[in-house]
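Numbering (my numbering), first residue to last: 984 to 1276.
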């Protein structure tokens, strides 16, 4: 090696050594013993990541905890560590101890000798697979790091339609009930659901109504929840998404409020009821014909 290269190379080696020592050098013996989090977590659902830290020193030590992707907001961006709340010495997020001991990750955390368990809230409003990264630092030096993967699924939506018939005097009444079902862990919110009634012979749209509904994880929601017991149609109490009146003679002058999706026809008419729900990258539909063939 030529002499003019020796000094620059030595400077680089020394600088690298100093950097490695600064990053990994003199520090307390603290390690991540365990990261415990659910494999799957629903949207709009709070849970927690439990971090078990092992302090092998004989005295308390202070560290900083940096966590990425513990909370993810509407735009898919992880909230800053400084806005993530943690709690200590509590097995339940609803425990009073949480409110007495919650601190920000922006602060140093004191670890007693031995094992220390710290809980960090998890929450997501955007579906995806998230790598929750935990870094333990001291005086801006990395001590240890670890990662857990959490799957946040989309809701899985489906629609079901049912009907019931009642005959009173010169009228046949058909009610159509609609149910939105969610077959996944994530709850669904603000699902736009449109009910369209079409005259099956002419193709004319005779009624439209839009609902904005939600459904919990692995749950089913009745699309319309109006009470119609005052209408005295059979023993019907809860309101259908659509009420179809078939008159044997003249149509009635009843307005059937609070129902707004009401169709008045005559015996021999046929109406097609279509329900379409849109949300969470899904479009699901169901149809039924009144009266049934």
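We put the beta carbon where it would ideally sit given N, CA and C, even for glycine.
It should be emphasised that the depicted structure is a prediction, and the values quoted were computed from it without experimental measurement.
Between which two residues does the beta strand (DSSP E) holding residue i run?
i, result
"residue 1257", "1254-1262"
"residue 1045", "1044-1051"
"residue 1134", "1124-1135"
"residue 1268", "1265-1273"
"residue 1092", "1092-1094"
"residue 1194", "1188-1198"
Can the beta-carbon of residue i be found less than 8 Å from the beta-carbon of residue j?
i, j, result
"residue 1243", "residue 1175", "no"
"residue 1230", "residue 1249", "yes"
"residue 1062", "residue 1115", "no"
"residue 1225", "residue 1159", "yes"
"residue 1182", "residue 1254", "yes"
"residue 1144", "residue 1171", "no"
"residue 1038", "residue 1106", "no"
"residue 1136", "residue 1023", "yes"
"residue 1034", "residue 1103", "yes"
DSSP three-state label for residue i, please.
i, result
"residue 1084", "Note on residue 1084: pLDDT 42, under 50, position unreliable in the model; the coordinate value appears next. It is helical."
"residue 1276", "coil"
"residue 1032", "strand"
"residue 1207", "coil"
"residue 1231", "coil"
"residue 1214", "helix"
"residue 1171", "strand"
"residue 1164", "strand"
"residue 1017", "strand"
"residue 1247", "strand"
"residue 1098", "strand"
"residue 1114", "strand"
"residue 1077", "Below a pLDDT of 50, predicted positions are generally treated as unreliable, and residue 1077, at 40, falls in that range; no measurement from the model is reported."
"residue 1139", "coil"
"residue 1106", "strand"
"residue 1040", "coil"
"residue 1157", "strand"
"residue 1182", "strand"
"residue 1119", "strand"
"residue 1146", "strand"
With 8 Å as the threshold, decide whether the Cβ of residue i is near any Cβ in chain D.
i, result
"residue 1050", "The structure shown contains no chain D, having only a single protein chain."
Next item on the list: Flag this pair as touching only if the region 1034-1052 and the region 1118-1138 have three or more C-beta atom pairs under 8 Å; answer yes or no.
Entry: Output reads yes: the region 1118-1138 touches the region 1034-1052.
Check: At a cut of 8 Å, does the region 1122-1132 reach the region 1159-1174 through at least three beta carbon pairs?
Finding: Flag = no, the region 1122-1132 and the region 1159-1174 do not touch.
Next item on the list: Would you check if there are 3 or more beta carbon pairs closer than 8 Å linking the region 1209-1220 to the region 1142-1157?
Entry: Short answer: they touch.
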